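Input: a single structure, listed below in structure tokens.
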Amino acid sequence: MAHALPPSPLAARAGRPLVGRIRVPGDKSISHRSLMFGAVTVGETRIDGLLEAEDVLGTATAMRALGATVTRDGDGRWRVTGLGVGGLLEPEGVLDFGNAGTGSRLAMGLIGGHAVAATFVGDASLSRRPMGRVLDPLRQMGVAVIARAGDRLPLTLKGPQTALPITYRVPMPSAQVKSAVLLAGLNAPGVTTVIEPVATRDHTERMLLGFGADLTVEIGAAGERIIRLTGRPELKPQTIVVPGDPSSAAFAVVAGLIVPGSDVTIENVLLNPLRTGLFTTLIEMGADLTIENPRRSGGEEVGDVRVRASRLTGVVVPPERAPSMIDEYPILAVAAAFAQGPTVMEGLEELRVKESDRLAAVARGLAANGVEAREGESSLTVLGRGTGPIGGGTVVTDLDHRIAMAFLVLGLAADRPVTIDDSAVMATSFPSFRSLMEGLGGEFADA
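Note that full-length UniProt numbering gives residue 372 to position 372 of the sequence shown, counting from 1, and the numbers run on in steps of one.
So, in structure tokens, the structure goes:
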């Protein structure tokens, strides 16, 4: 799954306004979890709208290797026939997760709770990312780990005969760590407890409840979320409709705000309140952003997001908002480049350990395109549009899909074209990005 093909540079340039209605691919977080929960359910789970991108397809392949039956119908519906909690089989080969941080970390939890051994590998980017934050609690649950220095891939897990339920206080805001512990706890007798001082995306909790798990969430005296899961439930098959990914919708949203004359609607977007920090921030900046047709689907808030070209003003983004928009800071930085005055973003230390060092990558990309920014250890300040032209540079994506798409959006509104060094990485999460944006009027050219 690693990108072995030659780089495929792509340039974006300003043109006509962006106008129209689109649907972005299904939410990546829900897609990963749908496949994994289906694999430990007795019976057939049906999934409509699954994100068919490299990250999620890697999870589908891994679930097959663990013994689940995973198929795709001609109409795009996916079916997963699971083995029940405790029923996963030992895979014969390695599990290759490519660039998928979410898929690999959640699968470590799921597999770690079973008495099987599995070896995890990934591409060059994933192999640089630290896994200790997930492996530390798994070790407490009895999982044996053989890993490279720094707990990096490739690594091998050997689950215990009986996983130990633990009480674990998450040391940093991380939905992946929380979810990995809960997934391991599925096959641990007794109650596994996760204490979350700062709320992060809660798809794991919502979906486990939907599948019939015995799970409770309460707020402690200090405001922390306390999640308790009783192990070894009999999960019930579900029919899941995956809504559009707000992290993917973010690119069209910002493009619609910064390209003059634009009017864009993104339909069927997941609006979970722990995922909408970017939309809140853009509205504070003066964005003409409205939610149309709000509704609930599968226990989640969903709606259509309409944006019209707007005059944006810089703001200070509070650090406590970071967990609800951690993947959206690269595209927020692009919006900030066209705003009047500085935009200050703090609490960004998590960006250092994403697919790339996103904090450094964003700062370099902005500088290459004439946008002044100041990079701190865990902060970024974008000074907003100055008197000079924006654009004209080439951005090194460093195998990071969100860096690639964010700077292509910059090019759609810039004074000069913006080029990324490799567009192939967009297949990680949003393979239809170019075609959808071209359908709205965006102009791209192979470089």
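Glycine included, C-beta positions come from ideal geometry on N, C-alpha and C.
If you're wondering where the values come from, they're calculated on a predicted model, not measured in any experiment.
Report the residue ranges of all alpha helix (DSSP H) runs contained in full by the region 349-395; include only those spanning at least 4 residues, in chain order. 358-368
Same chain, Cβ closer than 6 Å to Ser7, five either side skipped, listed in chain order: Position 7 of the sequence shown, counted from the start, is the residue given in the question as residue 7. Sequence check: residue 7 is Pro here, not Ser. Here the set comprises Asp421 and Asp422.
Contacts around Glu218, its chain only, beta-carbon distance under 6 Å, and the 5 residues preceding and following it disregarded: The sequence position of residue 218 within the sequence shown is 218, counting from 1. Cβ neighbours of Glu218 beyond the five flanking positions: Ile226.
Going by other Cβ atoms of all chains shown within 10 Å of its Cβ, with 16 needed for buried, is Glu205 buried or exposed? As a working mapping, residue 205 is identified with position 205 in the sequence shown. Buried, since its Cβ has 16 or more Cβ neighbours within 10 Å.
Give me the DSSP bridge partner(s) of Asp304. In the sequence shown, residue 304 corresponds to position 304, counting from 1. Beta-bridge pairing links Asp304 to Glu292.
Look at Ala163 and Gly220 and say whether their C-beta atoms are less than 8 Å apart. The sequence position of residue 163 within the sequence shown is 163, counting from 1. The sequence position of residue 220 within the sequence shown is 220, counting from 1. No.
By Cβ distance below 8 Å, which residues in the same chain neighbour Asp73 in space, the five residues on each side in sequence not counted? Counting from 1 along the sequence shown, the entry for residue 73 is found at position 73. Within the same chain, Asp73 has close Cβ partners Arg79.
Taking DSSP's pairing of strands, which residues face Tyr168 in a bridge? Walking along the sequence shown from the start, residue 168 turns up at place 168. Tyr168 pairs with Val194.
Could you check what DSSP says for Thr200 in three-state terms: helix, strand or coil? Here residue 200 refers to the residue found at position 200 of the sequence shown. Residue state, collapsed to three classes: coil.
Might you give, ordered along the chain, the residues of its own chain that have their beta carbon closer than 6 Å to the beta carbon of Thr193, omitting 5 neighbours on each side? On the sequence shown, position 193 is the one that residue 193 refers to. For Thr193, where only same-chain residues beyond five positions count, the Cβ hits under 6 Å are Thr167 and Arg228.
Residues in its own chain within less than 7 Å of Leu18 by CB, not counting five upstream and five downstream? Locating residue 18 in the sequence shown gives position 18, where the first residue counts as 1. If we look at Leu18 and ignore the five residues flanking it on each side, its Cβ neighbours are Ala255, Gly256, Val259, Ser262, Val264, Leu440, Gly441 and Gly442.
Measure the alpha-carbon distance for Pro294 versus Pro246 and round it to whole angstroms. Here residue 294 refers to the residue found at position 294 of the sequence shown. Here residue 246 refers to the residue found at position 246 of the sequence shown. One C-alpha to the other measures close to 14 Å.
Buried or exposed for Thr428, going by 16 or more other Cβ atoms inside 10 Å? If you number the sequence shown from 1, residue 428 lands on position 428. The residue in question, Thr428, is buried, as its Cβ has 16 or more Cβ neighbours within 10 Å.
Does the region 328-346 come into contact with the region 310-317, if we say contact requires no fewer than three beta-carbon pairs (one atom in each stretch) closer than 8 Å? yes
Could you please give the first and the last residue of the uninterrupted alpha helix (DSSP H) stretch that includes Asp136? The residue labelled residue 136 in the question sits at position 136 within the sequence shown. Element bounds for Asp136: Gly132 to Gln140.
Within this structure, are the beta carbons of Val307 and Ala287 separated by less than 8 Å? Here residue 307 is taken as the residue at index 307 of the sequence shown, counted from 1. Here residue 287 is taken as the residue at index 287 of the sequence shown, counted from 1. Going by C-beta atoms, Val307 is nearer than 8 Å to Ala287.
Scan the region 10-75 and note each continuous alpha helix (DSSP H) run of 4 residues or more that stays entirely inside, going in chain order. 28-39 and 54-65
Separation of Asp27 from Ile266, as counted between CA atoms: As a working mapping, residue 266 is identified with position 266 in the sequence shown. As a working mapping, residue 27 is identified with position 27 in the sequence shown. So the alpha carbons of these two residues sit roughly 13 Å apart.
Gly150: buried (16+ other C-beta within 10 angstroms of its C-beta) or exposed? For this step, residue 150 is matched to residue 150 along the sequence shown. Exposed.
Neighbour-count burial assignment, Met172, 16 or more Cβ in a 10 Å radius: As a first step, residue 172 must be located in the sequence shown, where it is residue number 172. Per the 10 Å Cβ criterion, exposed.
Quick check on DSSP: helix, strand or coil for Val254? As a position in the sequence shown, residue 254 is number 254, starting the count at 1. It is helical.
Integer-rounded CB distance, given that Gly67 should sit under 8 Å from Gly88: Sequence index remark: in the sequence shown, residue 88 carries index 88 (1-based). Sequence index remark: in the sequence shown, residue 67 carries index 67 (1-based). Note on identity: in this sequence residue 88 is Leu, with Gly being the wrong assignment. So it is a contact: roughly 6 Å between Cβ atoms.
Could you check whether Phe37 and Met207 sit closer than 8 Å to each other, using their CB atoms as the reference points? In the sequence shown, residue 207 corresponds to position 207, counting from 1. In the sequence shown, residue 37 corresponds to position 37, counting from 1. Yes, they are a contact pair.
Less than 8 Å between CB atoms is the rule here; does Leu289 satisfy it with respect to chain D? No chain D appears in the structure shown, which is made up of a single protein chain.
If distances are taken between C-alpha atoms only, which option among Leu282, Ser104, Gly43 and Ser356 comes closest to Arg33? Your numbering for residue 33 matches position 33 in the sequence shown. Minimum Cα distance to Arg33 is reached at Ser104.
For Thr387, which of Val396, Val198, Phe338 and Ala100 has the nearest alpha-carbon? Taking the first residue of the sequence shown as position 1, residue 387 is located at position 387. Of the candidates Val396, Val198, Phe338 and Ala100, the one whose C-alpha sits nearest the C-alpha of Thr387 is Phe338.
Within 8 Å, strictly: CB atoms of Ser174 and Ser356: As a first step, residue 174 must be located in the sequence shown, where it is residue number 174. As a first step, residue 356 must be located in the sequence shown, where it is residue number 356. Going by C-beta atoms, Ser174 is not nearer than 8 Å to Ser356.
Can you look up Leu88 in the DSSP assignment and give me helix, strand or coil? Taking the first residue of the sequence shown as position 1, residue 88 is located at position 88. Coil.
Can you check the region 389-431 for any alpha helix (DSSP H) of at least 4 residues that lies completely inside it and give the ranges in chain order? 401-413
Selected residue, minimal CA-CA separation from Leu282, among Pro323, Ser29, Ala333 and Phe407: Here residue 282 refers to the residue found at position 282 of the sequence shown. Out of Pro323, Ser29, Ala333 and Phe407, Ala333 has the C-alpha closest to the C-alpha of Leu282.
Quick check on Gln340: buried or exposed, where buried means 16 or more other Cβ atoms within 10 Å of its Cβ? Counting from 1 along the sequence shown, the entry for residue 340 is found at position 340. Exposed, by the Cβ-count rule.
Would the beta-carbon of Ala250 fall within 8 Å of that of Leu278? As a first step, residue 250 is located in the sequence shown; it is residue number 250 there, counting from the start. As a first step, residue 278 is located in the sequence shown; it is residue number 278 there, counting from the start. It is a contact, given that the beta carbons lie within the stated cut-off.
If contacts are defined as beta-carbon pairs under 8 Å, then Ile403 and Ala361 qualify, I think. What distance do you get, rounded to the angstrom? For the purposes of this step, residue 403 is taken as residue 403 along the sequence shown, with counting starting at 1. For the purposes of this step, residue 361 is taken as residue 361 along the sequence shown, with counting starting at 1. About 5 Å separates the two Cβ atoms, so the contact holds.
Thr119 and Thr81 closer than 8 Å at C-beta: For the purposes of this step, residue 119 is taken as residue 119 along the sequence shown, with counting starting at 1. For the purposes of this step, residue 81 is taken as residue 81 along the sequence shown, with counting starting at 1. No; because the gap between Cβ atoms is not below 8 Å, this pair is not in contact.
Are the beta-carbon atoms belonging to Ala184 and Gly109 less than 8 Å from one another? Within the sequence shown, the letter at position 184 stands for residue 184. Within the sequence shown, the letter at position 109 stands for residue 109. Cβ atoms of Ala184 and Gly109: closer than 8 Å.
Where DSSP assigns a beta bridge to Val334, which residues make up the other side? Residue mapping note: residue 334 aligns to position 334 of the sequence shown, counting from 1. Looking at the DSSP assignment, Val334 forms no beta bridge with any residue, so it has no partner.
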